[in-house]
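Protein chains in written order, with our numbering: chain A, 1 to 199; chain B, 200 to 357.
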């Protein structure tokens, strides 16, 4: 009996099970965001959104990004800013898009050991580049809103505190280590309908 | 993907990631450097408001002269304090009612016939002017030049 589906089998997972898994991933994003609040710009959320995009596709990945930010961005101890929130939600979807695109490549094949160095490095690097894109977009918009200057916003990405570097380096580590584990867990949880009915 | 191509691909990803991070670090450290330079300039500017720069010369009477140029001292310091700072505390003296009588500078002490005398440079007359008080009573001004001379000749100049 096949109990670990490949990405090709995901379409056959029941809607209820898919919804439950996606909701769980959104909850995981929100929970880890609050837990990691003392660590500025270090968040597991980006890796979780990427993983969702990789496993389920861009729409569920974007949904997780939107749900997580709507909750975390609204009920945030650091305060609520609607323009920033409206910027980070679509920016967070970059991770879902990156995951969805990567799924279509050779790396999308989930077969093999979880400890695959090449795959981990690829995930880490994609995480870093996606984070760079996310940081550029969000800092440019923040700069425009706060200083009326995109360049000023881009400068504050790493000045005076290297928050951009912290974000990119931590995401490299999270994408390289957490994503393979999450994908393995999802593969176990996302049982196709026909197998589910056999149980 | 073949194994050799895969190694190149992975290595390229690692190098590209390192490039992004080091570029960001370069921007960060450059900004830190610019900020530190500005703080240094501002501090120096503030320091100039509460300090003087003076020049002090020590003439040991044997042909050896030591200059302590652009010595920064707080406003209101005496020649004795300024010399002590310039020489790193290398001034010793005996205190009398008229003020301090310097007995040794940089370990070179006076004798019964050799004395440490002090002078200031007169910019108008272009000559050394002998000190008339104890060195601890003479308050130095900005950009002033003073000298110490070890001599047995009370009419000698540095």
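A virtual CB, placed ideally from N, CA and C, is assigned to each residue, including glycine. A quick note: this is a predicted structure, and the numbers were derived from the prediction, not measured.
In chain order, what residues of the stretch 147–160 of chain A put their CB closer than 9 Å to some CB of chain B? 155, 157, 158, 159, 160
Please list the residues of the stretch 206–232 of chain B that have a C-beta atom closer than 7 Å to any C-beta atom in chain A, keeping them in chain order. 209, 212, 213, 215, 216, 219, 220, 223, 224, 226, 227, 230
Note down, in chain order, each residue of its chain lying with its Cβ closer than 8 Å to the Cβ of residue 344 of chain B, except the 5 sequence neighbours on either side. Counting only Cβ-Cβ distances below 8 Å, and skipping sequence neighbours, we find 253, 254, 255, 256, 319, 320.
Do the stretch 142–157 of chain A and the stretch 205–219 of chain B make contact, defined as three or more Cβ pairs closer than 8 Å? no
On the DSSP bridge list, what partners appear for residue 318 of chain B? B/329, B/346
Whole-angstrom distance between residue 340 of chain B and residue 250 of chain B, CA atom to CA atom: 10 Å
Can you pull the chain B neighbours of residue 122 of chain A, defined as C-beta to C-beta under 9 Å? 208, 209, 212
Delimiting residues of the beta strand (DSSP E) encompassing residue 252 of chain B: 250–258
Using beta carbons (cut-off 9 Å, strictly below), is residue 125 of chain A in contact with chain B? yes
Among B/355, B/334, B/314, the one whose alpha carbon lies nearest that of residue 349 of chain B: B/314
Which residues in chain A sit within 8 Å of residue 234 of chain B, going by Cβ to Cβ distance? 160
With burial defined as no fewer than 16 other Cβ atoms inside 10 Å of the residue's Cβ, what is the status of residue 342 of chain B: buried or exposed? exposed
Closest Cβ-Cβ distance between residue 99 of chain A and chain B: below 9 Å? Closer than 9 Å: no.
Under the rule that 16 or more other beta-carbon atoms within 10 Å means buried, what is residue 272 of chain B, buried or exposed? buried
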